[in-house]
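K.L.:
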Amino acid sequence: MKTTGIGAVLALLCCAPAMAQQADTWRDPGSGIEFVRIGKGCFQMGTDAPNKFVRGEKPLPPMPNEAPRHEVCVDGFWMGKLEVTRAQWQKVMQGSAANVELPQRPATHVTREDALRFIERLNAQGGGKRFRLPTEAEWEYACRAGASEEPLPQTLEDARKVLAPIAWYDTTTHGSADTRDVATLAPNAWGLHDMLGNVLEWVQDTYLENGYAQHARHNPKVTQGGERYVLRGGSFKSEWWNTRCGARLFGVPGDPSWVTGLRVVREADRK
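When you line the sequence shown up against mature numbering (1 follows the signal peptide of the UniProt record, and there is no 0), it's residues -20 to -1, 1 to 251, in that order.
What follows is the structure, given as structure tokens:
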């Protein structure tokens, strides 16, 4: 059986197209958060591929919450180049976070309510720019960075070779009880670091297992439900099969998980 070379798998799992885009960046002067401009576009969200990466000898059906595979189009936006760091959290929240050590590590123990309060303060200090959490579709679009497919590693060794250059996850952190400094591994093709691994990232959408069946084609966002919210990207404690652009997890309001942080979107300027 023909197999995909590791180089090609890395390029696609890391979501890199053949040609990386030239990053157009902007830094918020108050918080120091840097953003990368993400142009509008369409992509295939989700997967219908057999689930070959979970434990077991035989491929399983696709993950139910990642189906059906469907076309989604998003407008342009500015994505945080990095996960929000502890130093940035302190600057915006004015000392309200308990964990102030290792300032270039991602902010952790961030509840959904914490994330929304952070963004509220960021907007109050933002000089007219508007900030928010990404939608789930925007997050996956930015993570894939132009790749049409996300190949699934066939073995643990394949996953290790694919993920080690780009993601802090359970294998590369060797069972550590903490994150790593942001931007210490390679970015994806659009210049975004740690889209996979390090901390799980809140997005706007309510988590529904069948949420994709309810998506609009243009700028979809699931808002009904409300008891659980989507988390994306995997963390430093995640297994390799959850450290993918397409993997969907969830958190509940009020839960300050030690593996949960955030990445912020700046809305495009209105013309």
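From the three backbone atoms N, C-alpha and C, an ideal C-beta is built for every residue, glycine too.
1. Whose C-beta lies closer than 6 Å to the C-beta of Y121 among residues of the same chain, with five residues either side of it excluded?
2. Using the rule of at least 16 other Cβ atoms within 10 Å of the residue's Cβ for burial, across every protein chain shown, is T223 buried or exposed?
3. Report buried or exposed for S215, applying the criterion of at least 16 other Cβ atoms within 10 angstroms of its Cβ.
4. What is the residue span of the alpha helix (DSSP H) that V210 lies within?
5. Going by DSSP, what residues sit across from T240 in a beta bridge?
6. Inspect the beta-carbon positions of F98 and W58 and report whether they are closer than 8 Å.
7. Please report the straight-line C-alpha distance between D150 and T88, rounded to a whole angstrom.
8. Using the C-alpha atoms, what's the distance from W221 back to T135?
9. Under a three-way DSSP split, which group does D150 fall into?
10. Please state whether the Cβ-Cβ distance between P236 and T27 is less than 8 Å.
11. Indicate whether at least one CB of chain B lies closer than 8 Å to the CB of Y209.
12. Classify T115 as buried or exposed, calling it buried when 16 or more other Cβ atoms lie within 10 Å of its own Cβ.
13. Checking 8 Å against the spacing of the C-beta atoms, do G191 and V64 come in under that value?
14. Could you pull the start and end residues of the beta strand (DSSP E) that L229 belongs to?
P.N.:
So, from the listed chains and residues:
1. Same-chain partners within the cutoff: F23 and V54.
2. By the neighbour-count rule (16 or more Cβ atoms within 10 Å), T223 is buried.
3. By the neighbour-count criterion, in which a residue is buried when 16 or more other Cβ atoms sit within 10 angstroms of its Cβ, S215 is buried.
4. In the DSSP assignment, V210 falls outside any alpha helix (DSSP H) and lies within the beta strand (DSSP E) extending over Y209 to R212.
5. DSSP lists L180 as the bridge partner or partners of T240.
6. No. Outside cutoff.
7. Straight-line spacing of the CA atoms in D150 and T88 works out to 16 Å.
8. Computed Cα separation, rounded: 10 Å.
9. D150 carries a coil assignment under DSSP once its states are collapsed to helix, strand and coil.
10. Not in contact: P236 and T27 (Cβ atoms no closer than 8 Å).
11. You won't find chain B in this structure, because it holds only one protein chain.
12. T115 is buried by the Cβ-count criterion.
13. Against a cut-off of 8 Å, the Cβ pair of V64 and G191 comes out as no contact.
14. Looking at the DSSP string, the run of the beta strand (DSSP E) that includes L229 is R228 to G231.
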